[in-house]
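K.L.:
The numbering of the sequence shown is UniProt numbering, which starts it at 1 and goes up by one.
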Amino acid sequence: MKNLSFAILFIVLAAVLVASQTLFVVKETERAVVLKFGEIVRDDVQPGLHFKLPVMNEVKKFDARILTMDSRPQRYLTLEKKAVIVDSYVKWKISNVARFYQATSGDEFVANRVLSSRVDTGLRNQFGERTMHEVVSGEREELMTELRDRIDSVAQTELGITIVDIRVKRIDLPPDVSESVYQRMRTEREREAREHRSKGLELAEGIRADADRQRVVLEAEAQRDAEMIRGDGDAQAAAIYAQAYQQDPEFFDFYRSLQAYRESFANNGDLFVLDPNSEFFKYFKETN
1 MKNLSFAILF
11 IVLAAVLVAS
21 QTLFVVKETE
31 RAVVLKFGEI
41 VRDDVQPGLH
51 FKLPVMNEVK
61 KFDARILTMD
71 SRPQRYLTLE
81 KKAVIVDSYV
91 KWKISNVARF
101 YQATSGDEFV
111 ANRVLSSRVD
121 TGLRNQFGER
131 TMHEVVSGER
141 EELMTELRDR
151 IDSVAQTELG
161 ITIVDIRVKR
171 IDLPPDVSES
181 VYQRMRTERE
191 REAREHRSKG
201 LELAEGIRAD
211 ADRQRVVLEA
221 EAQRDAEMIR
231 GDGDAQAAAI
241 YAQAYQQDPE
251 FFDFYRSLQA
261 YRESFANNGD
271 LFVLDPNSEF
281 FKYFKETN
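1. I need the boundaries of the beta strand (DSSP E) containing I161, first residue and last residue.
2. Pick out the complete alpha helix (DSSP H) segments inside the segment 63–134, 4 residues or longer, and give them in chain order.
3. Less than 8 Å between the CB atoms is what I'm expecting for V135 and T78, so what's the real figure, rounded?
4. Looking at A204 and the ligand ZN, is the gap between the Cβ and the nearest heavy atom below 7 Å?
5. Relative to the C-alpha of V154, which candidate in S117, P175, S71, E129 has its C-alpha closest?
6. Would I166 and S88 qualify as a contact pair, given that the criterion is a beta-carbon distance under 8 Å?
7. For S71, count neighbouring C-beta atoms within 10 Å of its own C-beta (all shown protein chains included) and say buried if the count is 16 or more, exposed if not.
8. Using C-beta distances below 7 Å, list every residue in its chain close to T131, excluding the 5 sequence neighbours before and after it, in chain order.
9. I'd like the list of long-range same chain contacts for T104, defined as Cβ closer than 8 Å, with 5 residues on each side in sequence excluded.
10. Is G206 helix, strand or coil by DSSP?
11. Along the beta strand (DSSP E) that carries L53, what are the first and last residues, could you check?
12. Assign K61 to one of three DSSP states: helix, strand, or coil.
13. Given this structure, state the Cα-to-Cα distance separating Q74 from I85, to the nearest angstrom.
14. Exposed or buried, Q247, counting other C-beta atoms within 10 Å across all chains shown (16 or more means buried)?
15. Give a yes or no on whether the C-beta atoms belonging to V26 and K60 are separated by under 8 Å.
16. Round the Cβ separation of D63 and V97 to the nearest angstrom and send it over; I've been treating them as touching at under 8 Å.
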């Protein structure tokens with residue numbers, strides 16, 4: 001009974017070993033090639049369960065998803081010989097598994113190194129054919145499209161990969177150029193600020209002068225109106241006094257004398273030297 005159990009276990013283990021050596025699985029995100037003593041016998045193996053010959057066959061699997069190669073910032077010269085620092089990246093994927101394996105031995109690092117050299121040369125040529133304005137804003141999209149098409153043609157032929165996209169993340173000026181540009185921009189802004197400040201002062205002086213002129217005019221008009229009103233009031237007062245005098249001249253003289261007395265003796269310390277027989281004491285004499 002024991003011998004039968006050991007036999008069954010041995011058969012199971014042998015079956016598992018054989019299966020592991022003859023069966024392999026390719027995932028949805030992978031592509032593979034089958035080698036026979038280093039030579040490709042099956043290329044572009046699709047996802048699924050597949051068979052191979054033990055020992056004789058070897059399976060190489062590759063990532064079939066879109067991969068990203070992030071390049072280091074590089075210095076390029078534009079058409080005007082102005083230096084710029086360009087930071088870019090490339091999106092690529094394997095399109096021909098057999099060619100990719102033959103060109104890179106399936107090593108993504110090798111593929112990225114070759115691709116980086118091609119992209120660097122392409123960017124250098126593209127930037128050398130355009131001005132600073134064109135590469136910064138004017139024709140960046142056209143530059144990227146043209147470069148992608150050129151690199152894609154070469155990459156498919158040499159590496160068996162397809163260039164999905166090439167993008168420039170940012171374009172900077174070198175530190176020395178950035179400083180000079182900053183200083184120039186600062187000088188221009190300061191000049192504009194001085195011009196605006198000067199115009200503002202001139203405008204303020206004009207407004208102030210106009211306000212002073214309007215103030216003088218308003219004061220003069222107010223003084224004129226006041227004099228006219230005062231003159232009109234004096235005329236009305238004179239008319240009232242004259243009318244009152246005509247009604248009772250004696251009473252009017254008496255009232256005017258009382259006003260004179262009150263004003264003369266308003267301060268107790270005042271001293272008057274007058275002739276007792278003068279008209280000033282006329283009403284005092286009559287009272288006595």
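Even glycine gets a Cβ: it sits at the ideal position worked out from N, Cα and C.
Since the model is a prediction, treat every value here as computed from it, not as a measurement.
P.N.:
Reading off the structure:
1. Against the sequence shown, residue 161 aligns to sequence position 161. Per DSSP, I161 belongs to the beta strand (DSSP E) from 161–172.
2. Taking 4 residues as the minimum length, the alpha helix (DSSP H) runs contained wholly in the segment 63–134 are 97–104, 108–128, in order along the chain.
3. As a working mapping, residue 135 is identified with position 135 in the sequence shown. As a working mapping, residue 78 is identified with position 78 in the sequence shown. Their Cβ separation, rounded to whole angstroms, is 6 Å, which keeps V135 and T78 in contact under 8 Å.
4. Inclusion of the ligand ZN in the displayed structure is not the case, the ligand content being empty and no account of it being possible.
5. As a position in the sequence shown, residue 154 is number 154, starting the count at 1. Of S117, P175, S71, E129, the residue nearest in Cα terms is S117.
6. On the sequence shown, position 166 is the one that residue 166 refers to. On the sequence shown, position 88 is the one that residue 88 refers to. Result yes, Cβ atoms of I166 and S88 sit closer than 8 Å.
7. On the sequence shown, position 71 is the one that residue 71 refers to. So S71 ends up on the buried side.
8. By 1-based counting over the sequence shown, the position of residue 131 is 131. For T131, where only same-chain residues beyond five positions count, the Cβ hits under 7 Å are T78, L79, E80.
9. As a working note, residue 104 is residue 104 in the sequence shown. Answer for T104: V110, A111, V114, L159, listed in chain order.
10. Residue numbering aside, residue 206 sits at position 206 when the sequence shown is read from its first letter. Correct three-state label for G206: helix.
11. Here residue 53 corresponds to residue number 53 of the sequence shown, with the count starting at 1. It is not in any beta strand (DSSP E) - L53 carries neither H nor E in the DSSP assignment.
12. As a working mapping, residue 61 is identified with position 61 in the sequence shown. DSSP places K61 in strand when its eight states are reduced to three.
13. Residue numbering aside, residue 74 sits at position 74 when the sequence shown is read from its first letter. Residue numbering aside, residue 85 sits at position 85 when the sequence shown is read from its first letter. Cα to Cα, the separation comes out at about 5 Å.
14. For the purposes of this step, residue 247 is taken as the residue at position 247 of the sequence shown. So Q247 counts as exposed.
15. Within the sequence shown, the letter at position 26 stands for residue 26. Within the sequence shown, the letter at position 60 stands for residue 60. In this structure, V26 sits away from K60, with a CB-CB distance that is not shorter than 8 Å.
16. Numbered from 1 along the sequence shown, position 63 holds the residue referred to as residue 63. Numbered from 1 along the sequence shown, position 97 holds the residue referred to as residue 97. Contact doesn't hold; Cβ gap of about 11 Å is too wide.
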